[in-house]
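Asks:
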Amino acid sequence: MFTRIISFISSSRRDILILFTALFNRNTPKMIKTMTIVAFLYLISPIDFLPDMIPGLGLLDDAVVVPGILYAMLQMLPASVRAKSEAQADYLGPKMPWLLAICGIFLIAWTIFVFVAIYNFIFN
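See below:
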């Protein structure tokens with residue numbers, strides 16, 4: 001059971017990387033780009049079809065809706081875009097921990113900057 005869960009997570013990670021790299025490809029249809037952004041926003045948004053406060057069901061919609069949308073978008077990608085995006089995802093895959101660390105540091109620095117700016121604006 002755990003091996004199936006781990007394989008699902010690792011395959012989803014690769015699919016997410018494929019769609020992420022496809023976002024920056026000129027030949028990717030605008031509908032797929034829009035659906036990718038909407039799926040990401042739905043995943044992080046506090047508004048869900050089923051509220052997260054309902055035990056079990058709240059997370060179930062995220063676990064079903066988002067992978068379903070990702071699978072549908074991968075199937076709609078043109079073959080040339082998908083091949084190029086898969087190559088880029090395979091290149092970026094091993095570098096992902098470093099990229100996430102850099103993004104995390106940038107996000108923390110930006111948050112500190114915003115809080116300092118707001119503090120100085122309010123109290124000075």
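Each residue of the sequence shown is one higher than the one before, counting from 1 in the UniProt record's numbering.
Where a beta carbon is used, it is the ideal one built from N, C-alpha and C, also for glycine.
Looking only at its own chain, which residues have a Cβ that is under 7 Å from the Cβ of Ile44, when we skip the five neighbours before and after it?
Replies: Counting only Cβ-Cβ distances below 7 Å, and skipping sequence neighbours, we find nothing.
Asks: Rounded to the nearest angstrom, what separates Lys84 and Ile108 at their Cα positions?
Replies: Approximately 32 Å, taken between the alpha carbons.
Asks: Between Ile18 and Ala89, which are expected to be in contact by the criterion C-beta below 8 Å, what is the C-beta distance as a whole number of angstroms?
Replies: The Cβ separation is near 5 Å, so the contact holds.
Asks: Since Ile16 and Leu70 should fall inside the 8 Å C-beta cutoff, what is the C-beta to C-beta distance between them, to a whole number of angstroms?
Replies: Confirmed, about 7 Å.
Asks: Can you give me the Cβ contacts of Met35 inside the same chain, cut-off strictly under 6 Å, excluding the 5 residues immediately before and after it?
Replies: For Met35, where only same-chain residues beyond five positions count, the Cβ hits under 6 Å are Met73.
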